[in-house]
Ligand code: FES
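Numbering (the UniProt record's numbering), first residue to last: 1 to 276.
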């Protein structure tokens, strides 16, 4: 586990910009009176974003003041969550996943690239463009090995495409986020292995089913498809018959019970309930 300390060199003070201050006040207003401390993480995050990707000690104090919290409580949050950088980072901050799936897929070779192009962990290149840090699983194991650079993921890396990526970022050239080998999301390497039958997607499978059904149905048969394409036998004719029978019984001239007679048991049941 990495040691997380405040940077040795700190700015004199910290103030939110007017826009960020208004944003922060809106976040605080989301919480009921007495619960303003709940806004601590969004405010620290905004402070870090404003301060070039890292969180200086005066910003921690400022957030504590805004939320009416003891400074140590905000310090605890800032030092606990690795999403907060406590020391300067490069303009392109590389978080390299070194957890088991990425390690098995070549993360160590990517670390060598970082050392070659950037230097040791936490070192910011002289031009201020790059720095890197090894982190734990970033949740994109299916596309290992991978890194997060600022807000984007870069996956399916190897030493060659990773070095090219870093140089492109440093030079300000456009880069592609996500998989660097071109696969779609986390689709299997080498192509799909399941659900590959085209008829699943072009509608012809349903057509085959219909054709087979037509071939086995005799004209006038009870299983003849309805106009909606649904077999008559699957339309629960017995249910229709049952309902029709109930309707017929409700008609006086159909030989069934009269409506008044049909209601009698319900009145009786109601009376019994009431008496009970
Ligand atoms: S192990 Fe690297 S993203 Fe999960």
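Glycine included, each C-beta is placed from N, C-alpha and C at the ideal position.
Keep in mind the model is a prediction, meaning the values are calculated, not measured.
With distances taken Cα to Cα, identify the nearest neighbour of residue 12 among 62, 189, 131 and 187. Among 62, 189, 131 and 187, the Cα nearest to that of residue 12 is on 62.
Within 6 Å: the Cβ of residue 142 and any heavy atom of ligand 1? no
Rounded C-alpha distance that separates residue 114 from residue 194: 37 Å
Might you give, ordered along the chain, the residues of its own chain that have their beta carbon closer than 8 Å to the beta carbon of residue 44, omitting 5 neighbours on each side? 55, 59, 60, 63, 74, 77, 78 and 84
Residue range of the beta strand (DSSP E) that includes residue 134: 130 to 135
Counted within 10 angstroms of its Cβ, other Cβ atoms place residue 95 as buried (16 or more) or exposed: buried
With DSSP collapsed to three states, give me the class of residue 114. helix
Is it buried or exposed for residue 263, if we count other Cβ within 10 angstroms and need 16 for buried? With a pLDDT of 41 at residue 263, under the threshold of 50, the modelled position of that residue is not reliable, and no figure is offered here.
Considering residue 153, what are the terminal residues of the beta strand (DSSP E) in which it resides? 152 to 155
By Cβ distance below 6 Å, which residues in the same chain neighbour residue 101 in space, the five residues on each side in sequence not counted? The residues are 141 and 144.
Identify the continuous alpha helix (DSSP H) that holds residue 97 and give its terminal residues. Unbroken run through residue 97 is the beta strand (DSSP E), 92 to 97; no alpha helix (DSSP H).
Could you check where the alpha helix (DSSP H) with residue 71 kicks off and where it finishes? 71 to 80
How is residue 40 classed by DSSP in three states: helix, strand or coil? Of the three classes helix, strand and coil, the one that applies to residue 40 here is helix, per DSSP.
Please indicate yes or no: does the CB of residue 101 lie closer than 6 Å to some heavy atom of ligand 1? Within the cutoff, so yes.
Using 6 Å as the cut-off, classify the Cβ of residue 185 as near or not near the heavy atoms of ligand 1, replying yes or no. no
Assign residue 156 to one of two classes, buried (16 or more other C-beta atoms within 10 Å of its C-beta) or exposed (fewer than that). buried
Simplified DSSP assignment, three categories, for residue 179: DSSP places residue 179 in strand when its eight states are reduced to three.
Secondary structure of residue 147, DSSP reduced to three states: When secondary structure is reduced to three states using DSSP, residue 147 falls in the strand class.
Residue 195: CB within 6 Å of a non-hydrogen atom of ligand 1: No, the beta carbon of residue 195 sits no closer than 6 Å to any heavy atom of ligand 1.
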